[in-house]
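Protein chains in written order, with the working numbering: chain A, 409 to 668; chain B, 3 to 130. Backbone N, C-alpha and C fix where the C-beta goes; we use that ideal spot for every residue, glycine too.
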Amino acid sequence: MAEFRLPANSRIVKGITHAAPAGARELRQVRIYRFTPDSGENPRVDTFGLDLASCGPMVLDALIQLKATVDSSLTFRRSCREGICGSCAMNINGVNRLACTTSMKELSGDIKIYPLPHMPVVKDLVPDLTNFYAQYAAVKPWLRTRTPAPPDRERLQSKEEQERIDRPAACILCACCSTACPSYWWNSDRFLGPAALLAAYRWIIDSRDEATGERLDELEDPFRLYRCHTIMNCTDVCPKDLNPARAIAEIKKMMVERQI
Amino acid sequence: MSLTTPLRQVLGLGSAKSGVHHWWMQRLTSVALVPLTLWFVVSLVTLPGFDHATISAWMSQGLTAPLLVLLVLTMTWHSRLGVQVVIEDYVHTSGARTVSLVLVGFAHVFMAAAGVFAILKVALGRGA
Ligand code: SF4
Ligand code: SF4
Ligand code: FES
Chain A
409 MAEFRLPANS RIVKGITHAA PAGARELRQV RIYRFTPDSG ENPRVDTFGL
459 DLASCGPMVL DALIQLKATV DSSLTFRRSC REGICGSCAM NINGVNRLAC
509 TTSMKELSGD IKIYPLPHMP VVKDLVPDLT NFYAQYAAVK PWLRTRTPAP
559 PDRERLQSKE EQERIDRPAA CILCACCSTA CPSYWWNSDR FLGPAALLAA
609 YRWIIDSRDE ATGERLDELE DPFRLYRCHT IMNCTDVCPK DLNPARAIAE
659 IKKMMVERQI
Chain B
3 MSLTTPLRQV LGLGSAKSGV HHWWMQRLTS VALVPLTLWF VVSLVTLPGF
53 DHATISAWMS QGLTAPLLVL LVLTMTWHSR LGVQVVIEDY VHTSGARTVS
103 LVLVGFAHVF MAAAGVFAIL KVALGRGA
């Protein structure tokens with residue numbers, strides 16, 4: 409059965425409180441999920457006092473500052489710090505988003521930072537995305553053709569044809585959407601999830617691709633595709649304003665279209 | 003412990019190549035239920051009473067019985083499809099899932115049969 413309570417070793421216990429630096433002018437409490445699987449200890453939530461006046465504006469700035477000045481063992485992923493690499497996705501004040509594009513001013517009350525929901529945790533804010541990436545690989549996210557490429561130029565696409573894939577191709581694979589989807593929480597072993605399905609859609613509608621039928625065949629499955637119940641959390645949280653829910657609905661439409 | 007690759011785990015037993023029929027029928031039955039339910043509610047509200055004589059007179063007239071049969075069949079079908087989704091969502095051990103899907107299927111077929119039998123009995127019984 410689905411489990412509605414965390415296993416005993418995953419329940420959160422009280423953590424450490426780090427006081428704000430002396431003379432802080434603009435104090436903000438930051439509460440961060442901490443977990444080291446190897447330690448054998450339960451996860452805890454540490455509280456850090458942060459002086460906003462001496463810190464950059466984004467949640468990622470706070471994490472970097474706290475790691476540099478308070479606790480160097482604080483662990484998180486980041487790279488580009490401008491919303492394009494997809495590394496810093498985490499659950500901030502209850503919503504999956506990118507730490508580097510979330511301004512602390514937008515958040516009310518204490519800032520609460522947890523790893524992406526319902527994923528195995530490698531350490532602190534770093535979730536294990538192995539299954540998520542394998543699902544991406546499973547939809548064969550590359551051009552599949554039978555017509556050989558023209559010898560003297562690339563495969564052409566009209567402007568309108570390019571525009572159709574422009575948005576779906578902008579996905580940064582941050583996993584905000586899939587880990588916000590209740591269906592994905594319960595069935596991520598068999599449901600591909602919104603990110604992988606959006607990637608599949610991007611290739612299904614690519615005017616140059618010649619494996620549309622095979623791609624639909626591979627998705628036509630009660631779990632892979634049809635676990636999506638149009639809850640729309642995915643579209644709500646996408647930091648790139650993409651619409652995986654619509655992409656999935658379009659795929660379902662094509663499934664019917666080729667039957668009747 | 004398992005040393006299989008993550009991709010092998012995701013690919014599993016492959017695509018079932020089904021699901022579209024279930025999804026389409028779920029939509030069709032819900033669309034069909036709108037007029038059927040409306041007709042049913044309006045008919046009940048406009049009946050002069052709910053005693054056995056009035057009801058059986060209503061049920062044996064015109065198209066009442068066939069529409070009632072349609073209502074019962076569509077409703078049980080729609081319900082079966084819906085309950086199946088709930089089971090697939092929440093029951094994760096494959097043995098328990100198979101058993102509950104089969105039982106739910108039987109229960110719905112039984113409900114449909116009992117409903118149709120009851121309708122026919124009242125609708126046809128009156129003339130005999
Ligand atoms: S669709 Fe949006 S939320 Fe989902 S992985 Fe891509 S960028 Fe992230
Ligand atoms: S629309 Fe589908 S994929 Fe998106 S959150 Fe809902 S169930 Fe998940
Ligand atoms: S650090 Fe690259 S998206 Fe946030």
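Worksheet item: Cβ-heavy atom distance between A:ALA546 and ligand 2 below 6 Å?
Response: Proximity of the beta carbon of A:ALA546 to ligand 2 is not indicated: no heavy atom of the ligand is located closer than 6 Å.
Worksheet item: With respect to 6 Å, is the separation between the Cβ of A:PRO602 and the closest non-hydrogen atom of ligand 2 below this value?
Response: yes
Item to complete: Have a look at A:TYR544, A:ILE519, A:PRO535 and flag the residue whose alpha-carbon is nearest the alpha-carbon of A:LEU458.
Response: A:ILE519
Worksheet item: Would you call A:LEU627 buried or exposed, if buried means 16 or more other Cβ atoms sit within 10 Å of its Cβ?
Response: Buried.
Discussion item. Which same chain residues end up closer than 7 Å to B:GLY14 when comparing Cβ atoms and leaving out the 5 residues on each side of it in sequence?
Written reply: Here the set comprises nothing.
Worksheet item: Going by the CB atoms, is the gap between A:VAL453 and A:ILE406 shorter than 7 Å?
Response: A query on residue 406 of chain A cannot be resolved here, the shown segment of chain A reaching from 409 to 668 and no further.
Worksheet item: Quick one, which of A:THR587, A:LEU633, A:ASP532, A:ALA657 has its alpha-carbon nearest B:ALA18's?
Response: A:LEU633
Worksheet entry | Closer than 7 Å: residues whose CB approaches a heavy atom of ligand 3 | A:LEU468, A:ARG486, A:SER487, A:CYS488, A:ARG489, A:GLU490, A:GLY491, A:ILE492, A:CYS493, A:GLY494, A:SER495, A:CYS496, A:LEU506, A:ALA507, A:CYS508, A:THR509, A:ILE580, A:CYS582
Item to complete: Compare the beta carbon distance of A:MET663 and B:VAL22 with 7 Å and say whether it is the shorter of the two.
Response: yes
Discussion item. Contact defined as beta carbons within less than 8 Å: I believe B:GLN86 pairs with B:VAL106. What is the distance between those atoms, to the nearest angstrom?
Written reply: 7 Å
Item to complete: Have a look at A:ASP560, A:PHE456, A:ALA476, A:TRP611 and flag the residue whose alpha-carbon is nearest the alpha-carbon of A:TYR544.
Response: A:TRP611
Worksheet item: Beta carbon of A:LEU606, beta carbon of A:CYS636: below 7 Å?
Response: no
Discussion item. Quick check: does the Cβ of A:PRO652 come within less than 6 Å of any heavy atom belonging to ligand 4?
Written reply: Here the bound small molecules are ligand 1, ligand 2 and ligand 3; ligand 4 is not part of this structure.
Worksheet entry | The beta strand (DSSP E) enclosing A:ARG442, as first and last residue numbers | For A:ARG442, the uninterrupted beta strand (DSSP E) run begins and ends at 435-442, by DSSP.
Worksheet item: When the Cα atoms are used, what is the spatial distance from B:ILE89 to A:LEU468?
Response: 41 Å
Fill in: Rounded separation between A:ASP625 and A:ALA619 - CA only
10 Å
Item to complete: Would you kindly work out how many angstroms separate the C-alpha atoms of A:TYR441 and A:CYS582, rounded to a whole number?
Response: 19 Å
Fill in: Listed by chain order, chain B residues near A:THR555 by CB distance under 7 Å
Here the premise fails: no neighbours, minimum Cβ distance about 25 Å.
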